[in-house]
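Only one structure is covered here, and it is reproduced in the block below.
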Amino acid sequence: MTDLLDPRTAADPTPTPSSGRPPTTGRARLGRFLRRRPGLVVSILVIVFVLVSAVFPALFAPGDPTLAVPRQRSLPPGPGHWFGTDYLGRDVWTRVVHGTSLSLQATLIAVAVALVVGGLIGLLAGFVGGWVDEVLMRVVDVLLAIPPILLALALIAALGFGTTNVAIAVGVASVAQFARVMRAETMRIRGTVYVEAARAVGTRWWVTLGRHVLPNAAGPVLVLAVLEFGLAILAVSSLSFLGYGAPPPAPEWGSLVSEGRNYLATAWWMCAMPGLTIAATVLSVNRVSKALDGEWGRDR
Amino acid sequence: MIYLLRRLGFAALVLWASYTVSFAVLYLLADPVATLVARASDGTAITTAELDALRARYGLDQPVPVQYLERLGAALRGDLGTSFVNGQPVGRTIAEALPPTLQIATAGLVLAVVFGAGVALTATYTRSRWLAQVLMGLPSLAVSLPVFWVGLMLVQLFSFQLGWLPAVGARGPAALILPAVTLALPTGALIAQVLVKSMSTALTEPYVTTARAKGVGPLAVHLRHALGNAAIPALTVLGYVTGNLLAGTVVVETVFTRPGLGRTTVEAVADQDVPLVQGVVLFAALVFVLVNLAVDLIYPLLDPRVTQAVPA
Amino acid sequence: MSLLRVQDLQVDYRVAGGTVDAVRGVDLEVATGEVVAVVGESGSGKSTLAQAVIGLLPANGAVRAGSVALDGEELLGRSEKALRSVRGARIGLVPQDPGVSLNPVQKIGTQVAEVLRVHVLADRRSAPARAVELLERAGIPDAAVRAGQYPHELSGGLRQRALIAVAIAASPALLIADEPTSALDATVARQILDHLDTLRAETGSALLLVTHDLGVAADRADRIVVMSQGRIVEQGPTAEILERPTHPYTRELLAAAPGLAVVDALPPVPVSGTPIAEVRNLVKDFPLPRARGSWRREHLRAVDDVSFTIARGETLALVGESGSGKSTTARLLLRLADPTSGQVFLDGADITTVRGVAWRDLRRRAQLVYQNPFASLDPRFSVREVITEPLRAFGVGTREEQAARAAELVDRVALPEAMLDRRPVELSGGQRQRVAIARALALSPDLVVCDEPVSALDVSVQAQVLDLLHELQERDGLSYLFISHDLAVVRRVAHRVGVMQGGRLLELRPTRELFDDPHHEYTRTLLGAIAGQQARV
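Residue numbers (this note's numbering), protein chains in the order written: chain A, 1 to 300; chain B, 301 to 612; chain C, 613 to 1149.
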């Protein structure tokens, strides 16, 4: 009886949902969920904005990001240039919006690399177990011993500069994290009674993998993927700030901050505005990840 | 004793494996000679003979397995090779770059632990829901900000606007403050996040109820019962935290134009100075391994269950 | 005057989307030196009541109205600081689960001494010695050694004794015990409760005993309070409640309580033809982790030379406490684990070493119902998917035929057909276990192994599930291997009972014989530990 008599569950008098509130439709529930979380709604809007500007930058910033107007050099934020202009007289807003494309591409590649490679390693290690698990996890342990940024730097030193190489480096540096979570989830699900029950009714192992293990393990891994999206934006922009990304004058979020650095004393907005954009995007992504992680499931 | 030997063995294994991984990445993924050529030629054409001479000079003319074993053997004797760029031994370059980095890393770690633990303990102790919400929101805000940008904004505010602190350089303790704070912010946030989580878990455990039923006051419950248990998971991230702190100096030293290991790394990567980059990676792995060894030694003091079952 | 007087107490919990009333107007009195048992099923509010009395409700709980007075002093509305001088000193708490209720990183002695220090009953120098005395009084042998150990070095029974030492340290006038023994094996539970009785008699403390087990309440309490859905439905002297229950809910509980209701044991089934299942000399060793400094691997013999047969239409029960090897035996029989030595037969055929296709075919003949219906159903599956999973696994029938079979199966386990589209979270524990039974029946097996099938369920639900298992057996001639720690449950369902201890099968006899005339000393101890007997005598 120990499961039931855990004080936390025994003390919780929540009636079984079947006898509680009438079941609400999915859409009504989503509406109620969002209405109570205005911060989450803003975060989703920010993410939608970023995604749209990555594909159709001209929609929000019709100008040319490389067009320099010498007469309008270093103007502070104001009407017409609401992120200000840079030292060559280029509109910072236009450059930030057009920079979204490269930064986001790199981020997506990084997350995809980490998710696919790390996920497969973790799944293999967790489901097969034995020496396969032992070997794979030792490799993962080593990868975890090297700080991600340094690992990424080593990869860049080998692969050379450029947005794609930066993206791959950031992705590979996060593989270990994904492998660990995926393995832990796979092992947790594989050890559950319902997976053994499936085996005990004669379900073949690959069916068990597809129908029980993967769907139940996917949740936490996807939450991690969303979280990783935020971390990858930070890592990609850091490397781009250090000068390993796309060569100028192509705009990238990190390199925009770096360009503004020399004018920090006189024209703070050249640094501040692109950085603020990065911060807002990462904050929004993390907020959504938090909502996916627990709040949505708990708020039934 | 066996416990210690096991941990030492594992530490050696991690070091060897990071050597192998970094060797594979740096020597196999790309051709170091191409880098050498780019460095040596200065735009003029290079003859095959010159190329071979270059290869021979850095031991790159050998077959890969031989190179690997020779370099590994040298590394075991403490010789990490010679920089492609300045021709100095890698070990000496790192040792020379280290002191200023150690300064900000130590200051950053102290600040991070103080910030992180302070925020986490206050957030879980306070009875004001409002204050708890604000404090618990701080870490997730701090980890979302790009470090380089935070550094620049601090410079803009404290150096250019207020004129309180120097913007760049490494002279005097005043120059240490901004880099250390910048470095401590994400690290402290990470510590706070882990500690808030483990404290919240510990505070709902039945043994806390037992303590409260004894009539123990809230502060004693918090510090004597909950923290003792919550510190254990927080300690496990210390190795990771220190490693990231070290990696953070790469960005921070660039932002504040300070000399140090971080700057050296940035330049080595820009020059594709393969032996030096590998040296830095190995150094980071060594720090990680040493910190984890220290954590392993502290563990049994904090958690009596550890001495019994040896973790794999 | 009564020691504890609770009047019109109302407690609710804040949950997402509103509040839930947990205690709805409870009046209760406990006199000095009296033992009052609060009995109810999960969700009845009994634990909440106990927590409200000591002022330790979970963070989302709040007292809405009412009064709790100790010795005439109102406790509700007092400051946290004032309450602290009551807790531990005047009210002692014996918590539910000894496994997690002691601080794992503090020595036992320190944790006992802390009460004395907090209430200034001892100073820094005298506290450790007093703590050892208290541990001794709580019945811990070698108390001085134990005081220097950490909780993980003690067994569950010893930990609960340490917690009792904490509770009695300041000689409180009132002890509250919240399910003090439900996490322990029956024989240990009985010793602990006996010892608690003795201690209480010495100190004259009153005891508020919260329990789901009417048998325990009947054995120990002067008065019984029956709670259901946050209200007291009936209270009175123990004998009166047991003999003349007035409320229908109390009558239902009494009828369902395994230890109290006297049921005639089932007669043995006449043996004819090959037994459906047989095991011969089964042995299972588990390797233990290597001891420090040793390269030899020690083994734990979980199952030690066990043999038995199960006839068609028979229920064979294996009883034992945790670690007795009963569940491992069941898994060996189903070939979900491989025996170290010995043989397993199903319907006369040796299946000890079958692999691959033949192994999978076993699943059509023998099925398993798990202990915990909360864990054995995939949370993402609908009930229909759960029940048809075995059919899909063997490709039985078309999609329509499978759907029809699912409808037929839920009907057989007495669930409405509308349940088919629900997910496990939407079902109660009893409903989930019915779904698990329906899944086990999907392939029409001959043998169903039930591993503690009702131990996670409330008693009234237990009775329903046991009745269902019995009906299915009558109708389809099923055979069961029934694994349980609860002799009272076994008595209701089994034709024959085997008693296991330390991996060995001590005796295996027809149910009635075993209960009336146990041969083995250990069986007698087990029988003696069934709660509710003292009341029945």
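Glycine is no exception: its CB is placed at the ideal position from the N, C-alpha and C atoms.
- Secondary-structure assignment with DSSP links threonine 927/C through a beta bridge to Tyr1092/C.
- At a Cβ-Cβ threshold of 9 Å, serine 654/C and aspartate 916/C do not count as neighbours.
- In this structure, proline 740/C places its C-beta atom within 9 Å of the C-beta atom of glycine 721/C.
- Under DSSP, the beta-bridge partners assigned to leucine 912/C are Phe898/C.
- Closest in C-alpha terms to alanine 1005/C, from the list Leu144/A, Thr208/A, Tyr244/A, Ser258/A, comes Thr208/A.
- In the three-state DSSP reduction, proline 740/C falls in the helix class (H, G or I).
- The DSSP-derived three-state label of glycine 245/A is coil.
- In its chain, beyond the 5 residues on either side, Ala280, Thr281, Ser284 have a beta carbon closer than 7 Å to the beta carbon of valine 46/A.
- Taking 9 Å as the CB threshold, isoleucine 149/A lines the interface with chain B.
- Looking at the backbone, the Cα of leucine 88/A and that of threonine 94/A are separated by about 13 Å.
- For proline 365/B, the uninterrupted alpha helix (DSSP H) segment begins and ends at 364-376.
- With 16 or more neighbouring CB atoms inside 10 Å of its own CB, arginine 729/C falls in the buried class.
- Collapsing the DSSP output to three states places aspartate 754/C in coil.
- Here the region 925-939 of chain C lies against the region 1101-1119 of chain C, with 3 or more beta-carbon pairs under 8 Å apart.
- For serine 679/C, the pairing in a beta bridge is given by DSSP as Gln619/C.
- Annotation: aspartate 1063/C is outside any alpha helix (DSSP H); the continuous beta strand (DSSP E) that includes it extends over 1059-1063.
- Taking 9 Å as the threshold, the shortest C-beta distance from arginine 1104/C to chain A does not fall below it.
- Using a Cβ-Cβ cut-off of 9 Å, alanine 200/A counts as an interface residue toward chain C, since at least one Cβ of chain C sits closer than that to its own.
- Residue pairing by DSSP places proline 389/B opposite Thr382/B in a beta bridge.
- Contact of glutamine 572/B with chain A by beta-carbon distance below 7 Å involves Ala157.
- The Cβ atoms of valine 1105/C and leucine 1084/C do not sit closer than 9 Å to each other.
- Residues are counted here when their Cβ sits less than 9 Å from a Cβ of chain B; for the region 224-245 of chain A these are Gly230, Leu231, Ile233, Leu234, Ser237, Ser238, Phe241, Leu242, Gly243, Tyr244, given in chain order.
- For aspartate 141/A, the chain B residues whose Cβ falls inside 7 Å of its Cβ are Val314, in order along the chain.
- In summary, the residues of the region 768-794 of chain C whose CB is separated from some CB of chain B by less than 9 Å are Leu775, Val778, Ala779, Ala781, Ala782, Ile788, in the order they occur in the chain.
- With contacts defined by Cβ atoms closer than 9 Å, leucine 59/A and leucine 104/A do not form a contacting pair.
- Using a Cβ distance threshold of 9 Å, asparagine 984/C and alanine 1075/C do not count as a contacting pair.
- In the three-state reduction of the DSSP assignment, proline 147/A falls in the coil class.
- In terms of Cα proximity to valine 434/B, the closest of Ser444/B, Thr422/B, Leu445/B, Pro363/B is Thr422/B.
- If you check the CB distance, glycine 359/B and glutamine 367/B come in under 9 Å.
- Cβ atoms of serine 53/A and arginine 287/A stay farther apart than 8 Å, at about 19 Å.
- In the structure shown, tyrosine 319/B falls within a helical segment according to DSSP collapsed to helix, strand and coil.
- Between the C-alpha atoms of aspartate 633/C and glycine 842/C there is a straight-line separation of about 7 Å.
- Under the three-pair Cβ rule at 8 Å, the region 587-604 of chain B counts as touching the region 537-547 of chain B.
- Take isoleucine 853/C, set aside five residues on each side of it, and the residues of its chain with a beta-carbon closer than 6 Å to its own are Ile836, in chain order.
- Nearest to valine 92/A by alpha-carbon distance, out of Leu276/A, Lys290/A, Thr186/A, is Leu276/A.
- Each of Val419/B, Ser318/B, Ala312/B was checked against the Cα of isoleucine 491/B, and the nearest Cα belongs to Val419/B.
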